[in-house]
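Start counting the sequence shown at 0; every next residue gets the next number (numbering that gives the first Met the number 0). Ideal Cβ positions, reconstructed from N, Cα and C, are used throughout, including at glycine. Reading through the structure tokens given below for one structure.
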Amino acid sequence: MTPPRARTWGRQGSTPVVRVRGRGSGRVSMAGMTCYKPGERSRLIYAIREYRGRKDEPKGFGWKDYRDLVLRARTQLGGPIVLVWDNLRLHLVAPLREFFEANADWLTVFQLPTYAPDLNPQEGIWSLVKRDVGNLAAADLGQITRAVKRKLKMLQYRLDVINGCLAGTGLTQLA
């Protein structure tokens with residue numbers, strides 16, 4: 000719960016300061032994919048995980064979580080998938096590569112260049128979520144999780160925003 004830093008507004012001459020108590024007591028992790036198909040509406044599929052610092056609790060997403068996200072996308076989209084993957088370390092592990100090879104009949108995977116957030120439309124989504132949560136003075140981790148879920152749910156229904164994230168990369172959707 001280390002507070003994020005964000006720009007805000009206040010009366011001229013008095014800088015707004017929000018005091019937070021306690022040390023970091025957890026974090027909220029997000030994983031997601033933006034899905035585009037010509038002639039159909041764009042989609043945002045995501046997963047959220049809370050980490051409260053408990054023993055034997057995963058801190059973030061593992062390769063199985065990413066595999067499950069891809070499987071969930073296949074179920075929701077109902078067809079073959081072309082996955083454009085960034086170079087997160089967990090995206091490159093052997094078990095995930097084996098999963099991709101075993102499912103090559105419906106899954107095609109392309110890797111983005113080593114550091115190319117400007118080519119990843121999902122980065123635009125994360126930016127919008129973080130901007131919204133940046134001015135939140137949360138009392139507990141649950142409040143942050145609820146705010147993140149609310150923003151992601153709102154973005155799922157804003158097709159213009161999801162399409163704008165793709166347009167912001169300079170890539171175009173095939174028509």
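Rounded to the nearest angstrom, what separates residue i and residue j at their Cα positions?
i	j	result
G77	L70	10 Å
G163	G25	32 Å
L95	Y65	8 Å
E97	T14	53 Å
R149	T33	17 Å
G141	P37	37 Å
L87	Q11	42 Å
T107	V81	5 Å
A101	I161	30 Å
Which residue or residues does DSSP assign as beta-bridge partners of residue i?
i	result
S41	DSSP output for S41 lists no bridge partner at all.
Y50	R26
Q110	W84
M32	I44
Taking all protein chains shown into account, do 16 or more other C-beta atoms lie within 10 angstroms of the C-beta of residue i, making it buried, or fewer, making it exposed?
i	result
L43	buried
P57	exposed
N119	buried
T113	exposed
G123	buried
S41	buried
V147	buried
L170	exposed
W75	Contrary to the premise, residue 75 reads as Gln rather than Trp in this sequence. Exposed, because fewer than 16 other Cβ atoms sit within 10 Å of the Cβ of Q75.
L158	exposed
Assuming the contact rule is C-beta atoms closer than 8 Å, residue i and residue j should be a hit. Round their C-beta distance to whole Å, please.
i	j	result
M29	V132	So it is not a contact: roughly 10 Å between Cβ atoms.
V83	F109	5 Å
L135	Y45	Wrong, their Cβ atoms sit about 19 Å apart, outside the cutoff.
Check: Hey, which unbroken runs of the alpha helix (DSSP H) at 4 residues or more fall wholly within the stretch 116-140?
Finding: Within the stretch 116-140, the alpha helix (DSSP H) runs of at least 4 residues that lie entirely inside it are, in chain order, 120-132.
Next item on the list: Ignoring anything shorter than 4 residues or poking outside the stretch 141-167, list the alpha helix (DSSP H) runs there in chain order.
Entry: 158-166
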